[in-house]
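If you read the sequence shown in the numbering used here, its first letter stands for residue 2, the second for the next number, and so on.
Using N, Cα and C, we set each Cβ at its ideal position, and we do this for glycine too.
Report on the structure given below.
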Amino acid sequence: RLPVTTTILQGIRSHLNLKCSKHATFWAICVTMFFGLFRKSHLLVESSSKFNHNQQFTRVDFNCDAFAYLLAVRWSKTIQMGQRVVFIPLIRFPHHPLCPVAAITHAFFLSPAAHPQSQAFCYQDDSSRLVCFTYKAFMALLHSTLSKLGVCSSEFGTHSFRRGGASFALEAG
Numbered sequence: 002r003l004p005v006t007t008t009i010l011q012g013i014r015s016h017l018n019l020k021c022s023k024h025a026t027f028w029a030i031c032v033t034m035f036f037g038l039f040r041k042s043h044l045l046v047e048s049s050s051k052f053n054h055n056q057q058f059t060r061v062d063f064n065c066d067a068f069a070y071l072l073a074v075r076w077s078k079t080i081q082m083g084q085r086v087v088f089i090p091l092i093r094f095p096h097h098p099l100c101p102v103a104a105i106t107h108a109f110f111l112s113p114a115a116h117p118q119s120q121a122f123c124y125q126d127d128s129s130r131l132v133c134f135t136y137k138a139f140m141a142l143l144h145s146t147l148s149k150l151g152v153c154s155s156e157f158g159t160h161s162f163r164r165g166g167a168s169f170a171l172e173a174g
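What follows is the structure, given as structure tokens:
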């Protein structure tokens, strides 16, 4: 898969209706994967019945201060038994369209009924019901958005955000 670049990220954002809870949540997932270098298993579920609060992020895992969100990672490939918690910062970029803190805060604002122990990236549908963002729903929205950009969507997946974020971090030193 090809890496997502900041140019592609900005293009994705430009094709979203960020007043819509689903789109705002999708955007928050995109920048969280990119800047946090996370795998899909932290952010997305196969179905709402397969949500595991020990593996996927919950709202309580996001701790915000003036400069960043600190994400509590309780499970990963190298932390499979919960033997420690690693905190990953997502830094605030004030007034920048790619700011992960602004994206996450906005997505959470648009789904205020979410319980602190619920999937972090759930959204309110048109009937104000909370819906877990699934991998399938994420990929459908990603592919349709990339197609609108004129990008070959089959060349990109969730790991493209991790690869792009790692490349971005390397370029930034």
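Thinking just about the alpha-carbon of each residue, which of the options is nearest to the one in residue i?
i: residue 102; options: 4, 84, 25 and 18; result: 25
i: residue 75; options: 43, 52, 69 and 98; result: 43
i: residue 108; options: 52, 38, 133 and 86; result: 133
i: residue 15; options: 149, 81 and 72; result: 149
i: residue 40; options: 97, 121, 96 and 78; result: 78
i: residue 161; options: 23, 22 and 33; result: 33
i: residue 80; options: 62, 56 and 5; result: 56
i: residue 87; options: 71, 163, 65 and 31; result: 71
i: residue 50; options: 23, 6 and 119; result: 119
i: residue 21; options: 174, 151 and 126; result: 126
Less than 8 Å between the CB atoms is what I'm expecting for residue i and residue j, so what's the real figure, rounded?
i: residue 47; j: residue 124; result: 17 Å between Cβ atoms; not a contact.
i: residue 35; j: residue 165; result: 6 Å
i: residue 170; j: residue 105; result: 19 Å between Cβ atoms; not a contact.
i: residue 92; j: residue 68; result: 7 Å
i: residue 115; j: residue 131; result: 6 Å
i: residue 144; j: residue 128; result: 25 Å between Cβ atoms; not a contact.
i: residue 62; j: residue 73; result: 4 Å
Name the one or two DSSP bridge partners that residue i has.
i: residue 124; result: 132
i: residue 46; result: 135
Hey, residue i and residue j: beta-carbon distance below 8 Å or not?
i: residue 117; j: residue 60; result: yes
i: residue 3; j: residue 172; result: no
i: residue 111; j: residue 11; result: no
i: residue 17; j: residue 146; result: yes
i: residue 121; j: residue 38; result: no
i: residue 27; j: residue 139; result: yes
For residue i, is the beta carbon positioned less than 7 Å from some heavy atom of the ligand GDP?
i: residue 18; result: Ligands are entirely absent from the displayed structure, and the ligand GDP is therefore not among its contents.
Taking only beta-carbon atoms, is residue i less than 8 Å away from chain C?
i: residue 93; result: Among the chains in the structure shown there is no chain C, since it carries only a single protein chain.
My parser needs the beta strand (DSSP E) runs of 3 or more residues fully inside the region 57-114; what are they? 63-65, 69-74 and 87-92
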